[in-house]
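S.K.: Numbering (this note's numbering), first residue to last: 47 to 228. Even glycine gets a Cβ: it sits at the ideal position worked out from N, Cα and C. These numbers come from a predicted model, not from an experiment.
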Amino acid sequence: MYLHLGIKKRHAKRIGYSRDYCNYCEKPVIAELWRYRAWLGLFWIPILPLNKRQHWLCSKCNKQTDSRYTTGLVSKIVILLFSLIVTALLFDPEAQQYNDYIWWLRGLSIIINILCLVWLFKHKKLPSHQQRRAKLAPLKDAHCHFCQGPLYIGLETRCDACKLKVYRTVKDATKLSSKRPS
Ligand SMILES: [Zn+2]
Ligand SMILES: [Zn+2]
């Protein structure tokens, strides 16, 4: 029997925003901080409450800003090897059955190999998300990004209309476990 066990998000709530680097958009964006309680769920039934969690969602593409969206070096090598194997099979002298097309296919597969090679050699070690975050200028807006209303600026910065906290940097908000019992 197939049991669908998984993590469910309950009471997800947008609690703030800041500036972050989005790995999907590949540029600095306004990112929304979403907090939720993780539940262990069986099918659609939440059965066990887990910890509170949070993540940053890009306000442009709605994806998690720190996830990975580019092809890694290992995947590129695997794709190139696969393409080389296909080429080797196409150059098999026994492959007579596609006689009319075989030269087209061989030519095409060589072009694909070359493109794969170029793609592989152009692979650059990208700066990590941490490094990119560290380079961002802190957010110093006086107006809310969402409603354009004036922000309350005191001990904390927030938009009362949107009920959002405004963090100067992403790091300012990563204090989920700061309320440790002393
Ligand atoms: Zn994005
Ligand atoms: Zn607002």
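For the segment 69-119, list the beta strand (DSSP E) runs that are entirely contained and at least 3 residues long, ordered along the chain.
M.R.: 73-88, 91-104
S.K.: Is the segment 125-133 close to the segment 91-104, with three or more CB pairs under 8 Å?
M.R.: no
S.K.: Check for me: the beta strand (DSSP E) holding residue 205 runs from which residue to which?
M.R.: As a first step, residue 205 is located in the sequence shown; it is residue number 159 there, counting from the start. 203-205 is the extent of the beta strand (DSSP E) around residue 205.
S.K.: Between the alpha carbons of residue 118 and residue 133, how many angstroms are there, rounded?
M.R.: Mapped onto the sequence shown, residue 118 falls at position 72. Mapped onto the sequence shown, residue 133 falls at position 87. In this structure, the straight-line span from the alpha carbon of residue 118 to that of residue 133 is close to 23 Å.
S.K.: Locate the beta strand (DSSP E) running through residue 212, then write down its first and last residues.
M.R.: By one-based count along the sequence shown, residue 212 stands at place 166. Taken as a continuous stretch (DSSP letters only), the beta strand (DSSP E) holding residue 212 covers 210-212.
S.K.: Nearest CA to the CA of residue 91: which residue from 139, 58, 51?
M.R.: Start at 1 with the first residue of the sequence shown, and residue 91 comes out as number 45. When each option's Cα is compared against that of residue 91, the closest is 51.
S.K.: Under 7 Å from any heavy atom of ligand 1, does the C-beta of residue 205 make it?
M.R.: Position 159 of the sequence shown, counted from the start, is the residue given in the question as residue 205. Flag unset: Cβ of residue 205 not near ligand 1.
S.K.: Identify the residues that DSSP records as bridge partners of residue 64: which are they?
M.R.: Taking the sequence shown and counting its residues from 1, one reaches residue 64 at position 18. According to DSSP, residue 64 shares a beta bridge with 77.
S.K.: Looking at C-beta atoms only, is the number of pairs between the segment 100-107 and the segment 74-92 that lie closer than 8 Å three or more?
M.R.: yes
S.K.: Indicate the three-state DSSP secondary structure (helix, strand or coil) for residue 189 in the structure shown.
M.R.: As a first step, residue 189 must be located in the sequence shown, where it is residue number 143. Three-state DSSP puts residue 189 in a strand.
S.K.: For residue 125, which residues of its own chain have a beta-carbon under 7 Å away from its beta-carbon, when the five flanking residues on both sides are left out?
M.R.: Mapped onto the sequence shown, residue 125 falls at position 79. So the qualifying residues of the chain are 162.
S.K.: Please output, in chain order, the residues near ligand 1 using a CB cut-off of less than 6 Å to any non-hydrogen atom of the ligand.
M.R.: 68, 70, 71, 75, 104, 106, 107, 109
S.K.: Using a threshold of 7 Å, is the CB atom of residue 195 nearer than that to any non-hydrogen atom of ligand 2?
M.R.: The residue labelled residue 195 in the question sits at position 149 within the sequence shown. Indeed, a heavy atom of ligand 2 lies less than 7 Å from the Cβ.
S.K.: Here's the rule: buried if 16 or more other CB atoms are within 10 angstroms of the residue's CB, otherwise exposed. What is residue 164?
M.R.: Translated into the one-based positions of the sequence shown, residue 164 becomes position 118. With fewer than 16 other Cβ atoms within 10 Å, it is exposed.
S.K.: Suppose the cutoff is 7 Å on Cβ atoms and the five residues either side in sequence are ignored; what does the same chain contact list for residue 193 look like?
M.R.: By 1-based counting over the sequence shown, the position of residue 193 is 147. Hits under 7 Å: 205, 207, 208.
S.K.: For residue 50, which of helix, strand or coil comes out of DSSP?
M.R.: Here residue 50 corresponds to residue number 4 of the sequence shown, with the count starting at 1. Coil at residue 50, not helix or strand.
S.K.: So, for residue 191: in the same chain, excluding its five sequence neighbours on each side, which residues have a beta-carbon less than 7 Å away from its beta-carbon?
M.R.: Within the sequence shown, numbered from 1, the residue matching residue 191 stands at position 145. 63, 76.
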